[in-house]
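J.: The opening position of the sequence shown corresponds to residue 14 in our numbering, with each subsequent residue numbered one higher. C-beta atoms are modelled at their ideal positions from N, C-alpha and C, and glycine is treated no differently.
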Amino acid sequence: MAFYYEFTRCDDSSIKNDWTFPGNPQLNIFDVYSIYGYCWQVTALRNSGQQVVSSAYYGLNGCSQCTAPTPRTIGYASYFLFMAI
């Protein structure tokens with residue numbers, strides 16, 4: 014039996030993906046994983062999806078413990094240096 018799941022991004026519940034992990038393990042609903050640099054919570058079972066690799070596990074309802082990197086911003090010094098080139 015294949016296990017696929019709907020993952021919902023912790024910081025934006027409108028972003029969802031259907032995934033499984035290598036070896037197709039059975040996961041628990043509401044578990045949180047770091048995938049592609051963002052925190053994702055398992056929210057439902059699905060019939061199909063893509064295979065991805067998680068970089069960390071944050072446990073049941075672990076969105077608050079998961080620390081995804083903040084988006085990069087361009088500093089003024091970098092902006093002016095770029096404009097001078």
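Among the residues of its own chain, which have a CB less than 7 Å from the CB of Arg5, if the five just before and after it don't count?
T.: Only positions 14 to 98 of the chain appear in the structure, and residue 5 is not among them; the question remains open.
J.: So who's on the other strand from Ser47, going by DSSP bridges?
T.: The partner list for Ser47 (beta bridge, DSSP) reads Cys52, Ala69.
J.: Can you tell which of Val55, Asp25, Gln63, Gly62 has its C-alpha closest to the C-alpha of Gly72?
T.: It is Val55 whose Cα lies nearest to the Cα of Gly72.
J.: Within a Cβ cutoff of 6 Å, which residues of the same chain sit near Gln63, ignoring the five residues on either side of it in sequence?
T.: Trp32.
J.: DSSP on Ser77, reduced to helix/strand/coil?
T.: In the structure shown, Ser77 sits in a helix (DSSP, three-state: H, G or I).
J.: Across which residues does DSSP place Asp31 in a beta bridge pair?
T.: DSSP output for Asp31 lists Glu19 as bridge partner(s).
J.: Reducing DSSP to helix, strand and coil, say where Ser26 ends up.
T.: Strand, per DSSP.
J.: When the Cα atoms are used, what is the spatial distance from Ile28 to Asn37?
T.: Taking the straight line from one Cα to the other gives about 22 Å.
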